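**Student:** Chains B and P are the protein sequences, given in the same order. The first sequence maps to residues 393 to 561 in the working numbering. The second sequence maps to residues 1421 to 1551 in the working numbering.
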Amino acid sequence: MKNVRKMVYLAIIISLALVISYFEQFIPPLAPGAKPGLANIMTLVTISMFGFKEALVVTLIRSLLGAVMAGSPTGILFSMSGGILSTLIMSAMYLKLRRYFSIMGISTAGAVFHNIGQLMVASLVYGTFGIMFTYLPVLMISAIITGNFVGLVSRYIINLLVVKRALST
Amino acid sequence: MRLYFKFGDIFVYIFIALIIVGSFLGLSIIGADANHLQVTIRVGEETIGTYGLPAGDEEKEIRVDSGDGQYNIVIIASTGTYVKEANCRDDVCVRWGKINRPGQTIVCLPHRLVVSIIGEGNEPAVDDISS
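1. Okay, do the region 419-429 of chain B and the region 531-550 of chain B touch, 3+ Cβ pairs below 8 Å being the bar?
2. Pull up the DSSP beta-bridge partners for residue 1525(P), would you.
3. Given that residue 1447(P) touches chain B, what residues does it touch there, using C-beta distances under 8 Å?
4. Taking C-beta pairs closer than 8 Å, name the residues in chain P that residue 441(B) reaches, listed in chain order.
5. Using the C-alpha atoms, what's the distance from residue 1509(P) back to residue 1489(P)?
6. With a Cβ-Cβ cutoff of 7 Å, do residue 1532(P) and residue 1463(P) count as a contact?
7. Examine chain P for any beta-carbon lying closer than 7 Å to the beta-carbon of residue 493(B), and answer yes or no.
8. Can the beta-carbon of residue 1493(P) be found closer than 7 Å to that of residue 1480(P)?
9. Report the rounded CA-to-CA distance for residue 1564(P) versus residue 403(B), giving the unit in angstroms.
10. Hey, is residue 435(B)'s beta-carbon within less than 7 Å of any beta-carbon in chain P?
11. Taking a cut of 7 Å between CB atoms, which residues from the region 1497-1510 of chain P lie near chain B?
12. Report the partner residues of residue 1459(P) according to the DSSP bridge assignment.
13. Taking only runs that begin and end inside the region 1462-1517 of chain P, name each unbroken alpha helix (DSSP H) of 4 or more residues, in chain order.
14. Whole angstroms is fine: what's the gap from residue 568(B)'s alpha carbon to residue 405(B)'s?
15. Go ahead and label residue 513(B) buried or exposed: buried means 16 or more other beta carbons lie within 10 angstroms of its beta carbon, across all protein chains shown.
16. Could you check if residue 1438(P) is buried or exposed, using at least 16 other CB atoms within 10 Å of its CB as the buried criterion?
17. By alpha-carbon positions, which one of 1447(P), 1496(P), 1487(P) ends up nearest to residue 1474(P)?
18. Across which residues does DSSP place residue 1519(P) in a beta bridge pair?
19. Counting along the chain, where does the alpha helix (DSSP H) carrying residue 491(B) start and finish?
20. Using DSSP with H/G/I as helix, E/B as strand and the rest coil, what is residue 464(B)?
21. To the nearest angstrom, report how far apart residue 531(B) and residue 1527(P) are at their CA atoms.
22. Please list the segments of the alpha helix (DSSP H) lying wholly inside the region 409-480 of chain B, counting only runs of 4 or more residues, in order along the chain.
23. Taking residue 434(B) as the reference, give the member of 528(B), 537(B), 448(B) with the closest Cα.
24. Note the first and the last residue of the continuous alpha helix (DSSP H) segment covering residue 548(B).
25. Any contact between the region 547-556 of chain B and the region 503-511 of chain B? By contact I mean 3 or more CB pairs, one from each, below 8 Å.
26. When we look at the beta-carbon of residue 432(B) and count the other beta-carbons within 10 Å, is it buried (16 or more) or exposed?
27. By Cβ distance below 7 Å, which residues in the same chain neighbour residue 1517(P) in space, the five residues on each side in sequence not counted?
28. Any beta carbon of chain A sitting closer than 7 Å to that of residue 497(B)?
29. CA-CA distance, residue 1547(P) and residue 559(B)?
30. Thinking C-beta only, is residue 472(B) closer than 7 Å to residue 483(B)?
31. Measuring alpha carbon to alpha carbon, tell me which of 507(B), 534(B), 524(B) ends up nearest residue 420(B).
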């Protein structure tokens, strides 16, 4: 019973994340390639609801389906590497160091590591680290802005879920 | 009302600042290599030579003889490559001006001379990574 419930929750979260990342492309980016990363909200919610393993599953399936939906198989490498790294970092910070970091801080760190992971793989694929260094500063600035926004939204959602769970039991 | 930010967030921002500084440092270290350009000179199908850009204000002067007393004098400098002098009939190559970006070429049709700039390692466009 518990497992079915979890599965349904994860399915809903993945589809929400996919829809969010689909509509995200209509938001004009701050800099070329600097996406808001709003689907990160769903990763954070998963971490707080279930934990690291489930968040990793959500991230992997999301980038797989997202690449299929967008029709760009090469993008999957970048989005997956960034997603795995940022999920790792955010889980570690949320599950172990929550006392020291706010959700905004955690989500900003997640955005930062998402960009780092993506650019590292891109540098390896294209064989030059020049793109990484030229591109990182711009993405860092955008990560601060979007990371705080994502963190704020996640904070409200997580608080709401905690209240609901407390009421239902 | 609870404070939204917590103490540890400072470390996230310190980390971001370090990355920004670090990438500027890294860029200045590898920057010279990343923008490494070369100049190739061809006459017809034959490649006369490939030359790196000289450092600083130095200029490299290359005289290209393409037979029958035809010649072009190509100057290669870090600020730009140009044809200084030629005895072709239209002097288009001399009036071409300086080229300094990868992909640009100077052509002297009467002497079948092609001077082109090539970048070492094709840097992908920004949008290639981010999609």
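Backbone N, C-alpha and C fix where the C-beta goes; we use that ideal spot for every residue, glycine too. Note that the coordinates shown come from a computational prediction; the quantities given were computed from them, not determined experimentally.
**Tutor:** Result, derived from the coordinates:
1. Taking 8 Å as the limit for Cβ pairs, the verdict is that the region 531-550 of chain B does touch the region 419-429 of chain B.
2. Beta bridge pairing from DSSP links residue 1525(P) with 1536(P).
3. Within 8 Å Cβ-Cβ: 522, 525, 526.
4. Under the 8 Å cutoff, chain P gives no residues; its nearest Cβ is about 21 Å from residue 441(B).
5. Distance between the alpha carbons of residue 1489(P) and residue 1509(P) is about 13 Å.
6. Judged by their CB atoms, residue 1532(P) and residue 1463(P) are nearer to each other than the 7 Å cut-off.
7. Chain P contact via Cβ: present.
8. Going by beta carbons, residue 1493(P) and residue 1480(P) fall outside the 7 Å limit.
9. Because chain P spans 1421 through 1551 in this model, residue 1564(P) falls outside it and cannot be assessed.
10. Chain P, which has no Cβ nearer than 7 Å to the Cβ of residue 435(B), makes this no.
11. Per Cβ criterion, the list is empty.
12. DSSP lists 1471(P), 1537(P) as the beta-bridge partner residues of residue 1459(P).
13. Within the region 1462-1517 of chain P, the alpha helix (DSSP H) runs of at least 4 residues that lie entirely inside it are, in chain order, 1512-1515.
14. No answer is possible for residue 568(B): it lies beyond the span of chain B, which begins at 393 and ends at 561.
15. Residue 513(B) is buried by the Cβ-count criterion.
16. By the 10 Å Cβ count, residue 1438(P) comes out exposed.
17. By alpha-carbon distance to residue 1474(P), the top candidate from 1447(P), 1496(P), 1487(P) is 1496(P).
18. Beta-bridge pairing links residue 1519(P) to 1501(P).
19. Annotation: residue 491(B) is outside any alpha helix (DSSP H) and is labelled neither H nor E by DSSP.
20. Three-state result, residue 464(B): coil.
21. Distance between the alpha carbons of residue 531(B) and residue 1527(P) is about 41 Å.
22. Complete alpha helix (DSSP H) runs here, min 4: 432-441, 444-462.
23. The residue with the shortest Cα to Cα distance from residue 434(B) is 448(B).
24. Taken as a continuous stretch (DSSP letters only), the alpha helix (DSSP H) holding residue 548(B) covers 522-560.
25. With a cut-off of 8 Å on Cβ pairs, the region 547-556 of chain B is not in contact with the region 503-511 of chain B, counting fewer than three such pairs.
26. Label assigned to residue 432(B): buried.
27. Taking C-beta separations shorter than 7 Å and ignoring five residues to either side along the sequence, the partners of residue 1517(P) in its chain run 1502, following chain order.
28. The chain inventory of the structure shown lacks chain A, comprising the protein chains B and P.
29. Residue placement at residue 1547(P) cannot be trusted, given a pLDDT of 47 that sits under 50; what the coordinates show is reported in the next sentence. Cα to Cα, the separation comes out at about 47 Å.
30. Going by C-beta atoms, residue 483(B) is not nearer than 7 Å to residue 472(B).
31. Cα-wise, what sits closest to residue 420(B) is 534(B).
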